[in-house]
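Per the working numbering, residue 8 is the first one in the sequence shown, and the count goes up by one each step.
Ideal placement from N, C-alpha and C gives every residue a C-beta, glycine not left out.
Quick caveat: nothing in here was measured; it's all calculated off a predicted structure.
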Amino acid sequence: MTGDLFGLVWLVVLLAGNAFFVAAEFAVLSARRSQIEPKAEAGSKRARTALYSMEHVSQMLAISQLGITVCSLLILLVSEPAIHHLLTDPMVALGIPYAAASAAAFVVALLFVSFLHVTFGEMVPKNTAVSIADKAVLFVAPPLVFLYRVFLPIIWVLNTFANLMLRAMRVTPRDEVVSTFTLEEMGSIVAESKRGGTVRDESGVIAGALEFSDYTASTVMIPLEEVVTVPVDVTPKQVEKAVGRTGFSRFVVVDEEGAFTGYVHLKDIMGLPESRSADPIPVTAVRSLGNMSPADEVDDCLAQMQRTGSHVARVIDQGGQTVGVLFLEDVLEVLVGEIHDATQSRDSRRHHTVEDA
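Structure (structure tokens):
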């Protein structure tokens with residue numbers, strides 16, 4: 008009986024050990040360097056040890072897996088037989104045949120130990136470590152690193168063999184955790200850095216870059232009623248007058264039915280012979296428009312404009328109707344702030360009501 012009770016004590020100890028190694032494994036993988044490094048720089052020994060574990064994640068996983076395996080095997084070897092014996096004797100005393108009592112006790116003991124192992128030895132510590140990884144790693148890293156150094160020869164063999172297997176499968180082993188951040192986290196880091204004086208962003212470029220993906224074509228486009236257009240038979244002289252009147256250098260070209268056929272840029276007009284200033288601009292001077300949907304993110308719009316070389320794009324809804332026009336300048340202003348065209352007065356709006364030049 009004493010030996011069986013001793014086995015139950017071992018069950019508790021081994022479950023705690025298994026829980027520790029599971030928590031350590033997930034804490035090292037889930038913790039963020041950005042939360043640990045300030046504590047390490049402030050002199051925290053636990054934080055420095057935590058950083059060491061995050062920089063040697065492969066070795067930490069090896070010692071964690073070794074600990075989990077040893078604890079799991081010992082639970083089955085020591086604790087399960089003790090529970091099995093504690094259940095068998097009372098069943099036999101009740102008149103149940105020994106063979107039947109032993110089989111029933113084995114099933115009950117196996118189910119009971121498996122439940123405790125999975126619940127308290129695996130799931131609870133895993134979920135806890137993931138939920139509070141930045142705090143958990145400060146507590147689990149010191150003993151984990153200590154055990155790693157004690158069992159270094161064994162860990163070296165296991166880790167070396169595992170890395171060889173990975174390379175054989177054309178997978179590059181990594182020893183350090185790679186931290187990623189959400190846009191909200193990056194915004195918080197930039198804001199804190201600006202307050203501390205380590206980052207300056209007077210022009211708002213960093214802030215604009217972080218907020219870039221919050222905009223879509225529909226939020227940046229110019230509505231149709233505010234777009235300045237020129238007819239398809241517009242002359243170079245008329246374009247020059249339109250530039251002087253509006254301050255813009257690009258104009259959307261429309262046909263007799265009001266459909267967009269392209270856009271014309273001032274520099275293309277300036278390259279035409281003076282003798283043709285009163286003639287309609289040639290077709291070759293009209294550039295192609297890009298096509299965007301209202302839901303396209305601004306960064307995708309910018310990438311497409313860069314790829315096609317088009318500075319102007321029509322925004323087309325699901326019904327095939329043009330609902331607005333997107334200018335490259337407006338897209339860039341989302342990122343870097345207001346841009347003034349070389350021909351544009353500082354107090355003029357980007358676009359005016361539709362009119363013919």
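query	result
From E129, Q42, P180, residue whose alpha carbon lies closest to that of I139	Q42
Closest by C-alpha distance to G331, when choosing among D275, S300, V322	V322
Option nearest R420 by Cα separation, candidates T315, K142, A100	Nothing can be reported for residue 420: it is not among the residues displayed for the chain, which extend from 8 to 364.
Check whether D303 and A292 have beta carbons under 7 Å apart	no
For V120 and I75, believed in contact at Cβ under 8 Å, the rounded distance	Not really, about 15 Å apart at Cβ, beyond 8 Å.
Spatial distance of A320 from T268 (CA atoms)	11 Å
Contact check, V246 vs D262, beta carbons under 7 Å	no
Nonlocal neighbours in the same chain, by C-beta distance under 6 Å from F188, ignoring five residues either side	With a pLDDT of only 49 at F188, under 50, the local geometry of the prediction cannot be trusted, and no value is derived from it.
Secondary structure of E304, DSSP reduced to three states	strand
Cβ neighbours of T301 in the same chain (closer than 7 Å, five flanking residues each side left out)	The residue asked about is misnamed: residue 301 is Pro in this sequence, not Thr. So the list reads T223, A224, S225, V322, D324, V330, once near-sequence residues are dropped.
Counterpart residues of M299 in DSSP-defined beta bridges	V322
Range covered by the beta strand (DSSP E) that runs through L333	329-334
With 16 other Cβ atoms within 10 Å as the buried cut-off, status of D286	exposed
DSSP state of P97 mapped onto helix, strand, coil	helix
Cα-Cα separation, A49 to L145	14 Å
For Y155, the residue or residues it bridges with in DSSP	Its beta-bridge partners do not exist; DSSP assigns none.
G269 (DSSP reduced to helix, strand or coil)	strand
Nearest neighbour of V152, chosen from Y59, V125, D96 [CA to CA]	Y59
Limits of the unbroken beta strand (DSSP E) element including T236	236-238
Run of the beta strand (DSSP E) containing F258, from where it starts to where it stops	257-261
Through-space distance from A69 to C78, alpha-carbon basis	14 Å
Those residues which DSSP pairs with V293 across a bridge	V271
Close beta carbons around L173, own chain, < 6 Å, minus the five adjacent residues each side	P180
Rounded separation between R357 and S282 - CA only	Since pLDDT at R357 reaches only 43, below the 50 mark, its modelled position is unreliable, and the value read off the structure follows with that caveat. Taking the straight line joining both Cα atoms gives about 31 Å.
Coarse secondary structure for I229, derived from DSSP in three states	strand
For T242, three-class secondary structure by DSSP	coil
Three-way DSSP call (helix, strand, coil) for T179 in this model	coil
Inter-residue Cα distance where the pair is A89 and L12	7 Å
Spatially closest choice to V157 from L118, V114, V99, M67, by CA coordinates	M67
Residue burial classification, E264 (beta-carbon count within 10 angstroms, cutoff 16)	exposed
CB of N134 within 7 Å of CB of S65, strictly	no
F168 classed as buried or exposed, judged by whether at least 16 other C-beta atoms fall within 10 angstroms	exposed
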